[in-house]
Amino acid sequence: MRAVEFPSLEAEVAFLRGLTTVHRMADDIIEDCFERGLDLDTGLDVFLTQCARMVHAVAGFVSIRGTRGPVLTRVLGELGADVFEAAHWSGARRLEDGRMLFCTQLTLGRLNLGGLGLVMEGRFEEDGGRTVMKLVEAIGEQLDTSVLGFLALMDGRSALERLDELAVDDDATPVAHGRIGRYEVVMPLGTGGMAQVLVVRLRGPEGLGRLVALKRILPHLATDPLIVQQFLDEARIGLRLSHPNLVTVYDTGEAQGAYYIAMELVRGVDLDRLLHAMGKPLPPALAVAVVVQGLLGLHAAHTLKGDDGAPLHLVHRDMSPHNLMVGFDGRVKVLDFGVAKARMQRTVTLPGIVKGKPLYMSPEQARGERLDARSDLFAMGLILFEALTGVRPFDKGEETASMYAICEAELSRPRVISLPLWDVLSVALAKKPGDRFRSAQEMADRLVEVIPPGRDSDLAKLMTTYFPDKLRELSRLDRTAAEKSKSEQTRVRPAAKPST
22 MRAVEFPSLE
32 AEVAFLRGLT
42 TVHRMADDII
52 EDCFERGLDL
62 DTGLDVFLTQ
72 CARMVHAVAG
82 FVSIRGTRGP
92 VLTRVLGELG
102 ADVFEAAHWS
112 GARRLEDGRM
122 LFCTQLTLGR
132 LNLGGLGLVM
142 EGRFEEDGGR
152 TVMKLVEAIG
162 EQLDTSVLGF
172 LALMDGRSAL
182 ERLDELAVDD
192 DATPVAHGRI
202 GRYEVVMPLG
212 TGGMAQVLVV
222 RLRGPEGLGR
232 LVALKRILPH
242 LATDPLIVQQ
252 FLDEARIGLR
262 LSHPNLVTVY
272 DTGEAQGAYY
282 IAMELVRGVD
292 LDRLLHAMGK
302 PLPPALAVAV
312 VVQGLLGLHA
322 AHTLKGDDGA
332 PLHLVHRDMS
342 PHNLMVGFDG
352 RVKVLDFGVA
362 KARMQRTVTL
372 PGIVKGKPLY
382 MSPEQARGER
392 LDARSDLFAM
402 GLILFEALTG
412 VRPFDKGEET
422 ASMYAICEAE
432 LSRPRVISLP
442 LWDVLSVALA
452 KKPGDRFRSA
462 QEMADRLVEV
472 IPPGRDSDLA
482 KLMTTYFPDK
492 LRELSRLDRT
502 AAEKSKSEQT
512 RVRPAAKPST
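For the sequence shown, the working numbering begins at 22 and goes up steadily by one.
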């Protein structure tokens, strides 16, 4: 790793803290994989996502190679480059969209195991990105060691040969990669700041072969009492919620010292990814269709009552395009409802890095005031504005400036938004909660009056057009689950009694 002079004592301390965090996290992830019999791809998914969050990277990749080429590749966000080309790069490269990609090679002596890269926004004028590159190289060096530790405990003759054994043909039947309780892990689906979501197969006489999504607390956070309490709160709320536009929670439990939530596997992508893939705004009828479905899900949660009949007064608090999942069937689902996030900022501030921007907060949330359901309506107004224009209305490129704009700046009507639709948006985006719609249902009704929403089949067609590979992957998993269920039921079917 190249020696770099830090621009300040604060930057050096931040770097050392980040390095310590990476070492501890990598150890926890590897230990977790072995305890639960999970495969390397599950560990890579957690490692990549958490390292990206730590340095505020907006995208990234890890690509592991064997003797014949790539065997495991995990991509986070929109990379902006071909991952298999980038896996051979070293150093910092400016991408076409202005972001910077920091790449490092994964090596063990003379052995090259692949590459790692993180994409960041910022000018990096203070030190040209050298400090960031140093931390990315340190992350890569830790990953080298972790991969070697993982392979050392697997059967095989050499590191590359062991990696070859992990390669899966696109048409091959997905196999189980460990178990969590009564669920067989099929593949990682994604990782956030608190939990990882896996595609798992339910094992049991009541549902052989059924695929569900399983959310589990990340291994390095599993002993944090606050995180555990948040997770259990989410589970309790999720089990109460029931609506076509909310994700169905089936089960919650604890296995091997870690809590999990089993829920509906939503076959689709989030609205943020859809807008990015399109590279242009949604047609008004489809934008309204997405938002109206989201509002109906919100209304069901906002009006939920407890066992005593009293309102629970649930507020999502984190509505954004990331939390609106658009399915291949045209159905929209609200994700992660009711989690009172404590925002554990396990992050490192380095020169030139732009922190995450609170672009979907309501004015009262930005001021730290008490929230009610109308805060979520403000966020839905912002989401609709972005879906119609491709622009985040209060994005000023810096957190404090964006929050100030949310509280004080007035929006003018873009030409692409009709006057009747703008009238609805103006109410949703009123600075004072009392000037907004009284409920999510009322906002949805007004939108439907102004613009008839597109049909589910139109949304489904759009999804199929932009994400054919994702649809094929999900279809393959469904076929595999059905075939496995059929074969297991045949295997346990009792023999026919002989005729008398």
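Glycine is no exception: its CB is placed at the ideal position from the N, C-alpha and C atoms.
Note that the coordinates shown come from a computational prediction; the quantities given were computed from them, not determined experimentally.
Identified DSSP bridge partners for residue i
i, result
"Pro91", "Arg86"
"Ile201", "Tyr204"
"Gly531", "For the chain, the structure presents residues 22 to 521; residue 531 sits outside this window and is missing."
"Gln71", "Beta-bridge pairing links Gln71 to no other residue."
"Gln217", "Thr212, Arg237"
"Lys326", "Pro332"
"Val96", "Phe82"
"Val290", "Val347"
Proximity below 8 Å, CB of residue i to CB of residue j
i, j, result
"Cys124", "Gly138", "yes"
"Met154", "Val79", "no"
"His320", "Ala461", "yes"
"Ala107", "Gly136", "yes"
"Val290", "Val347", "yes"
"Val353", "Ala283", "no"
"Ala449", "Leu398", "yes"
"Val104", "Ser84", "yes"
"Leu65", "Leu93", "yes"
"Leu316", "Leu480", "no"
"Leu442", "Val207", "no"
"Arg395", "Pro454", "yes"
"Pro379", "Ser423", "yes"
"Val76", "Leu156", "yes"
"Gln126", "His44", "no"
"Gly318", "His264", "yes"
"Thr486", "Leu492", "no"
"Ile301", "Gly411", "This sequence places Lys at residue 301; Ile is not what is there. Yes, Cβ-Cβ distance for Lys301 and Gly411 is below 8 Å."
"Gly214", "Arg74", "yes"
"Arg86", "Asn133", "yes"
"Gly351", "Ser478", "yes"
"Gly274", "Gly199", "no"
"Ile427", "Met382", "yes"
"Val522", "Val268", "Since the first and last residues shown for the chain are 22 and 521, residue 522 lies out of range."
Range of the contiguous beta strand (DSSP E) that encloses residue i
i, result
"Gly348", "345-348"
"Thr128", "121-129"
"Arg115", "112-115"
"Arg354", "Reading off the sequence shown, one finds Lys at residue 354, where the question assumed Arg. First-last of the beta strand (DSSP E) with Lys354: 353-355."
"Met484", "Per DSSP, Met484 belongs to no beta strand (DSSP E); it is in the alpha helix (DSSP H), 477-487."
"Met141", "132-141"
Start-to-end residues for the alpha helix (DSSP H) that takes in residue i
i, result
"Gly402", "394-410"
"Asp444", "440-449"
"Leu307", "305-323"
"Glu118", "In the sequence under discussion, the amino acid at residue 118 is Asp, which differs from the Glu named in the question. Per DSSP, Asp118 belongs to no alpha helix (DSSP H) and is neither H nor E."
"Val104", "104-107"
"Asp466", "461-471"
"Met340", "Here Met340 belongs to no alpha helix (DSSP H), and DSSP marks it neither H nor E."
"Ser423", "420-429"
"Glu385", "384-387"
Any non-hydrogen atom of the ligand COA within 7 Å of residue i CB
i, result
"Thr485", "Absence of the ligand COA is noted for the structure shown, with no ligands found whatsoever."
Whether or not the region 235-242 and the region 39-57 are in contact is what I'm after, with contact meaning three or more pairs of Cβ atoms, one per stretch, closer than 8 Å; do they touch? In short, these stretches touch, since the Cβ pair count reaches three.
What are the complete beta strand (DSSP E) segments, minimum 3 residues, inside the region 222-283? Within the region 222-283, the complete beta strand (DSSP E) segments of 3 residues or longer fall at 232-238, 270-276, listed in chain order.
Decide if the region 307-318 is in contact with the region 394-412; the criterion is three or more beta carbon pairs, one per stretch, under 8 Å apart. yes
Pairs of beta-carbons, one from the region 246-257 and one from the region 268-284, closer than 8 Å: are there three or more? yes
Are the region 421-439 and the region 333-351 touching, with three or more C-beta to C-beta distances below 8 Å? no
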